[in-house]
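Shown next, in structure tokens, is the structure this report addresses.
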Amino acid sequence: MKTKLLIGALALAGAGAASAQTLDTVRARGVLNCGVSTGVAGFSYIDADGEWDGFDVAVCRAVAAAIFDDPSAVEFTPTTGATRFEALNSGEVDMLSRNTTWTFSRDVDLRLEFVGVNYYDGQGFMVPASLGVTSAMELDGATVCIQTGTTTELNLADFFRANNMSYEPVPIETNAEAQQRYLANACDVYTTDVSGLAATRSTFEDPSAHVILPEIISKEPLGPVVREDDPAWVNLVRWVFQGLIIAEEKGVTSENVAELASAPTDDPETNRLLGTEGAFGEMLNLTNDFMVRAISAVGNYGEIFEAHIGVDTPVGLERGLNALYTDGGILYAPPFR
Amino acid sequence: MSVIAEPPRESFRVDMLWNDARYRSTFIQIVALILVLTAVGWIVNNVVGNLARLGKDFNFAFLRAPASYDINQTLIAYTSQSTHARAALVGILNTLLIAVLGCAAATAIGVIAGVLRLSKNWIVARLMTVFVEGFRNVPLLIWILMVMAAVNESLPAPRAATPTLGGALVATNRGVYIPAPVWGDGSWFVVAAFLLSLVAIWFWRRHARLKQEATGEQSPVLAVGLALFFIPSLIVYFITGMPITLEYPELQGFNFRGGIFMRDSLVALWLALSFYTGAFIAENVRGGILSVSHGQTEAAFALGLRPNRTMQLIILPQALRVIIPPLISQYLNLTKNSSLAIAVGYMDVTATLGRITLNQTGRAMESILLLMVFYLCVSLTISSVMNWYNSRVKLVER
Numbered sequence: 001m002k003t004k005l006l007i008g009a010l011a012l013a014g015a016g017a018a019s020a021q022t023l024d025t026v027r028a029r030g031v032l033n034c035g036v037s038t039g040v041a042g043f044s045y046i047d048a049d050g051e052w053d054g055f056d057v058a059v060c061r062a063v064a065a066a067i068f069d070d071p072s073a074v075e076f077t078p079t080t081g082a083t084r085f086e087a088l089n090s091g092e093v094d095m096l097s098r099n100t101t102w103t104f105s106r107d108v109d110l111r112l113e114f115v116g117v118n119y120y121d122g123q124g125f126m127v128p129a130s131l132g133v134t135s136a137m138e139l140d141g142a143t144v145c146i147q148t149g150t151t152t153e154l155n156l157a158d159f160f161r162a163n164n165m166s167y168e169p170v171p172i173e174t175n176a177e178a179q180q181r182y183l184a185n186a187c188d189v190y191t192t193d194v195s196g197l198a199a200t201r202s203t204f205e206d207p208s209a210h211v212i213l214p215e216i217i218s219k220e221p222l223g224p225v226v227r228e229d230d231p232a233w234v235n236l237v238r239w240v241f242q243g244l245i246i247a248e249e250k251g252v253t254s255e256n257v258a259e260l261a262s263a264p265t266d267d268p269e270t271n272r273l274l275g276t277e278g279a280f281g282e283m284l285n286l287t288n289d290f291m292v293r294a295i296s297a298v299g300n301y302g303e304i305f306e307a308h309i310g311v312d313t314p315v316g317l318e319r320g321l322n323a324l325y326t327d328g329g330i331l332y333a334p335p336f337r
Numbered sequence: 338m339s340v341i342a343e344p345p346r347e348s349f350r351v352d353m354l355w356n357d358a359r360y361r362s363t364f365i366q367i368v369a370l371i372l373v374l375t376a377v378g379w380i381v382n383n384v385v386g387n388l389a390r391l392g393k394d395f396n397f398a399f400l401r402a403p404a405s406y407d408i409n410q411t412l413i414a415y416t417s418q419s420t421h422a423r424a425a426l427v428g429i430l431n432t433l434l435i436a437v438l439g440c441a442a443a444t445a446i447g448v449i450a451g452v453l454r455l456s457k458n459w460i461v462a463r464l465m466t467v468f469v470e471g472f473r474n475v476p477l478l479i480w481i482l483m484v485m486a487a488v489n490e491s492l493p494a495p496r497a498a499t500p501t502l503g504g505a506l507v508a509t510n511r512g513v514y515i516p517a518p519v520w521g522d523g524s525w526f527v528v529a530a531f532l533l534s535l536v537a538i539w540f541w542r543r544h545a546r547l548k549q550e551a552t553g554e555q556s557p558v559l560a561v562g563l564a565l566f567f568i569p570s571l572i573v574y575f576i577t578g579m580p581i582t583l584e585y586p587e588l589q590g591f592n593f594r595g596g597i598f599m600r601d602s603l604v605a606l607w608l609a610l611s612f613y614t615g616a617f618i619a620e621n622v623r624g625g626i627l628s629v630s631h632g633q634t635e636a637a638f639a640l641g642l643r644p645n646r647t648m649q650l651i652i653l654p655q656a657l658r659v660i661i662p663p664l665i666s667q668y669l670n671l672t673k674n675s676s677l678a679i680a681v682g683y684m685d686v687t688a689t690l691g692r693i694t695l696n697q698t699g700r701a702m703e704s705i706l707l708l709m710v711f712y713l714c715v716s717l718t719i720s721s722v723m724n725w726y727n728s729r730v731k732l733v734e735r
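Respectively, the protein sequence lines represent chains A and B. Residues in the first sequence are numbered from 1 upward in steps of one, following the numbering used here. Residues in the second sequence are numbered from 338 upward in steps of one, following the numbering used here.
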């Protein structure tokens, strides 16, 4: 583990050149390097065919499709909470799409750029139902498993301090390890973002034996991240991602996108999005139909959500805050014009 | 050189730098030095240049900012409001704790296993061979994870755990609880009495040795020593009204509270480190004992010394000079290997400074540099202490 950090530090010494023209570098390489998590059910996991799949993975595939017209032209790098920013800053990956919380210090001090929010989340607690705990306020003295190197670690310290309770933190590296410790009863409580708790619970033998407590102790806007030193690349990733949300607003799906893009429709924003009007793709150094490729590869935001983490999947998350603003959520993409 | 008269001085030619033995080694060293310095300079320059290009500066101001995270095992006062420097210090103390515990246990295990491996009893010797080969041929990380998994999966959860030894020992899958001493009023009398009796034991042993050297008469060192060890402290303890009491762990809410809590991560790391390093030390001890020629044993027997006295007075003192130097490197290995602690969530300095602090502040270069300096200092300290000890036990040559 230590060596990994060292390599990261040394890579920092050798990778400065990778930063300037990310799009050219990616094109020359022929694949997009994308950092994902080491495995969270529904968000990023390796499916039965050995391919990376999931809600976060889809963002990488959409960007790859927009650039190469090939959603499989992605090299995935699993990163832990502790290694992700070094991997991005050293140029090892071109973008991160791995439930990363947008915070001031990451944005400013770590010189990262969050291109949007793909999941509005908050930190919660999961306990075995047999404990009979119904509120996080009853957790005084509990042993809590946390993934180290994340914002959850800091929120947890704040929450217990603010409520004048004590706890025993058990720092853990990955979600899989945390799951094993939690199921072995080596900790009473597992805390992470509620989406992560739901995802983890969905993989348990008996999910109903575990409850997620009602308290949400933090705001966790999760989103894709890139380095801030290449504005052209920032814009590209931002607008491919925002385009997926706009596509949902406009009712453009992976099924009807080819038809809608074949000729200009009555809706000007749809036309601009799909490249039948204006020259927006060219401003990003792509072709004008870049969003057609992205949407036909992975679908719009709503399709991605329902396919990987929606109510019909084992993870079973409601849209909630993550519904479009028109449907009572807070998902609101800037206009495509 | 001294027999031959000084040859006529040749004028210096450039090719003499590599053809002439007088200049060659100096020349090669200077060239090597220049190459090394150039390489180091290039790396430093590259790092500085790239850090600047990324807009990252190089400073240690982050150490004074609040850490904002909690640490489970803290030997000194620490809250999430303490600074990153304090968090690093907590980590350093945890590293030193595991290093001291580990070195002590590894030495005990190593000496016992090493001596037993030479036992004439076939079963005992074979068992020790299996122990040594099993531990030193499997990677340490695997052992640590295995012990941790064994603790987590096989021991009961706190709520299901039953205290043993009359409530004194509670083994749960989160760690082991033992009673903690509570120092009441007047307990310093007892401590003082105990320290005084240690001094008395030292004087008695010295007296006995001098007497034996002068007159050949032996004094009862062990019996008197044991009596001095226990009796005065106990008398003072009862006179002052039993000021030192024990606090027993009790189940309260989610966990046991009270007593001394040895976390599962500490137990797993300690056991794995000491058995692993103990296996290596066992081989050093065996090698040291075998290095003393068998004639020494026979000579001691011929003088009428019993086997344990032979070991104590003849063999071990000579074996120690062979055992100590490799023992130093085993201690160093153990200390450095303790950085594997993060695998089981033990909060040593690698976990606090090298991981959480690094992560929350993004100061990779600075944190890793501090870590390297720390391990270097600890290792150099251990090796200088052990070298001093080595110079005391080595054969005195005349």
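Beta carbons: idealized from backbone N, C-alpha and C, even for Gly. Only a predicted model underlies this, so the values are computations on that prediction, with no experimental measurement involved.
Interface flag for A:G149 against chain B is set, since a Cβ pair is found closer than 8 angstroms.
Our two residues, A:A323 and A:I212, have alpha carbons roughly 21 angstroms apart in a direct line. The Cβ-Cβ distance between A:V189 and A:M283 does not fall below 8 angstroms.
The beta carbon of A:A129 sits closer than 8 angstroms to the beta carbons of S208, A209, H210 and V211 from its chain, once the five residues preceding and following it are set aside; these are given in chain order. Using a 10 angstroms sphere on the CB of B:S491, the tally of other CB atoms stays under 16, which defines it as exposed.
In this structure, A:N285 and A:D193 do not form a Cβ contact; the two beta carbons are roughly 34 angstroms apart against a cut-off of 8 angstroms.
Shown here, A:P224 sits in a strand according to DSSP, grouped into three states.
A:D230 and A:T22 have their C-alpha atoms spaced approximately 7 angstroms apart. For the 8 angstroms CB-CB criterion, A:Q180 and A:T200 do not form a contact. Scanning chain B for C-beta atoms nearer than 7 angstroms to the C-beta of A:P169 yields D407 and N409, reported in chain order. Between B:R401 and chain A, the shortest Cβ-Cβ separation is not below 8 angstroms. When C-beta distances to chain A are compared with 8 angstroms, the residues of the region 662-696 of chain B below that value are S676, I679, A680, G682, M684, T687, A688, G691, R692, I693, L695 and N696, in chain order. Only I380, N383, V384, G386, N387, L388, R390, L391, G392 and K393 from the region 379-398 of chain B bring a Cβ to less than 8 angstroms from some Cβ of chain A.
In the DSSP assignment, B:M599 forms a beta bridge with B:V513.
Under the Cβ distance rule, B:F591 counts among the residues neighbouring chain A, one pair being separated by less than 8 angstroms.
Rounded to the nearest angstrom, the gap between the Cα atoms of B:G624 and B:R658 is 11 angstroms.
Residue burial annotation: B:N696 is buried, with at least 16 other C-beta atoms found within 10 angstroms of its C-beta.
For B:G624, the closest Cβ of chain A is not nearer than 8 angstroms.
B:Q555: not part of any beta strand (DSSP E); DSSP gives it neither H nor E. Exposed is the label assigned to B:H631, since fewer than 16 other Cβ atoms lie within 10 Å of its Cβ.
Per DSSP, the continuous beta strand (DSSP E) segment holding A:F125 begins and ends at Q123 to P128.
For A:D158, the secondary structure class from DSSP, reduced to helix, strand or coil, is helix.
Taking CB atoms only, B:E584 has no neighbour in chain A less than 8 angstroms away. Beta-bridge annotation (DSSP): A:F114 is paired with A:V225. When rounded, the separation of the alpha-carbon atoms in B:L559 and A:N163 is 57 angstroms. Scanning B:G503, B:I413, B:L478 and B:Y406 for the CA closest to the CA of B:Y613 turns up B:L478. For B:R423, none of the residues of chain A pass the 7 angstroms Cβ criterion, the least Cβ distance being about 14 angstroms.
With a cutoff of 8 angstroms on beta-carbon distance, B:I618 and B:A443 are scored as near each other. For the C-beta of B:S419, not a single chain A residue is nearer than 8 angstroms; the gap to the nearest is close to 11 angstroms. Within the model, the alpha-carbon separation for A:E228 versus A:S72 is close to 25 angstroms. At least one CB atom of chain B sits nearer than 8 angstroms to the CB of A:F85. B:R350 has a beta carbon lying at 8 angstroms or more from every beta carbon in chain A.
Under DSSP, A:S44 forms a beta bridge with A:V40. Each residue's CA atom was taken as its position, placing A:I309 and A:R238 some 22 angstroms apart. The C-alpha of A:L331 lies about 16 angstroms from the C-alpha of A:F55. Of all residues in the region 479-490 of chain B, only N489 and E490 come within less than 7 angstroms of chain A when Cβ atoms are compared, listed by chain position.
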